[in-house]
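Report on one structure; see the data block that follows.
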Ligand SMILES: CC(C)(COP(=O)(O)OP(=O)(O)OC[C@H]1O[C@@H](n2cnc3c(N)ncnc32)[C@H](O)[C@@H]1OP(=O)(O)O)[C@@H](O)C(=O)NCCC(=O)NCCS
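Numbering (this note's numbering), first residue to last: 276 to 475.
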């Protein structure tokens with residue numbers, strides 16, 4: 276697949292309640308406040324940006340440049356009819372040498388937890404990954420303490436592969452374990468099958 280021609284335009288995604296849109300540098304200010312919130316720092320295991328300059332740099336690297344270089348996609352989550360960012364999600368580590376697989380990351384403002392918003396967004400983005408990016412495997416790494424995130428990926432049908440000891444860091448820079456979850460294209464076909472409209 277030629278990534279540049281296949282995704283000439285950033286792919287906006289609409290679901291029942293949400294519009295998943297392209298990030299722009301105008302969102303960097305929101306990102307600064309949001310990525311400094313304790314629950315987001317805790318979930319991702321990353322300290323928030325220390326100032327606005329650092330926030331802009333991070334935003335460029337992890338959000339806008341990801342698509343520009345076609346190493347992945349990160350969408351800004353908005354509620355239909357509102358337009359303000361409430362979270363982000365997407366694929367990264369989509370390497371040309373292993374374009375059949377990518378990792379997913381996601382986060383949501385705390386006031387929107389518990390309503391199924393991320394489940395709705397992830398379902399749509401997972402469909403995009405298998406259908407449009409032609410992935411065969413999606414990976415998610417979660418720290419064992421993040422029970423909410425574990426419930427989310429299990430609800431979506433990802434499978435636990437195992438515990439990776441001290442694979443990464445927590446927000447204080449200490450080595451921390453990760454649990455690896457994955458979904459294969461064949462799993463997705465299995466999970467999706469009952470939801471497809473019957474033909475014939
Ligand atoms: C991980 C995170 C996105 C999960 O958020 P969430 O609100 O639990 O997930 P959803 O938006 O899919 O909502 C699911 C919850 O809403 C409930 N719900 C209500 N209506 C629902 C619906 N229509 N569909 C599905 N679930 C619904 C579910 O029962 C579930 O609650 P439960 O887990 O207590 O049973 C959020 O905790 C977060 O942003 N954490 C910080 C960042 C982070 O940890 N990122 C992941 C790093 S690995």
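We put the CB at the ideal spot given by N, CA and C, even for glycine.
Check: Ends of the alpha helix (DSSP H) at residue 370?; Outcome: No alpha helix (DSSP H) contains residue 370, which DSSP labels as neither H nor E.
Check: Among 318, 288 and 351, which has the Cα closest to the Cα of residue 300?; Outcome: 351
Check: Out of 410, 312, 421 and 419, which one is the CA nearest neighbour of residue 378?; Outcome: 410
Check: Whole angstroms are fine: how far does the CA of residue 383 sit from the CA of residue 425?; Outcome: 15 Å
Check: If you compare alpha carbons, which of 464, 282, 405 and 361 is closest to residue 388?; Outcome: 361
Check: Cβ of residue 423 within 6 Å of any heavy atom in ligand 1?; Outcome: yes
Check: CA-CA distance, residue 340 and residue 318?; Outcome: 23 Å
Check: Would you list the residues sitting across from residue 376 in a DSSP beta bridge?; Outcome: 412
Check: Is residue 452 helix, strand or coil when you go by DSSP?; Outcome: strand
Check: Check whether the Cβ of residue 388 sits closer than 6 Å to any heavy atom of ligand 1, and report yes or no.; Outcome: yes
Check: Give me, in chain order, the residues of the same chain whose beta-carbon lies closer than 7 Å to that of residue 475; leave out the 5 immediate sequence neighbours on both sides.; Outcome: Reliability of the predicted coordinates at residue 475 is poor, the pLDDT of 46 falling under 50, and the value obtained from them is presented with this limitation in mind. Correct list: empty, nothing qualifies.
Check: Which residues does DSSP pair with residue 382 in a beta bridge?; Outcome: 363
Check: Can you tell me whether DSSP reads residue 308 as helix, strand or coil?; Outcome: helix
Check: Is residue 417 near ligand 1, with its Cβ less than 6 Å from a heavy atom?; Outcome: yes
Check: When burial is assigned at 16 or more other CB atoms within 10 Å of the CB, is residue 437 buried or exposed?; Outcome: exposed
Check: Chain B beta carbons: is any one of them nearer than 7 Å to that of residue 465?; Outcome: In the structure shown, chain B does not exist; there is a single protein chain.
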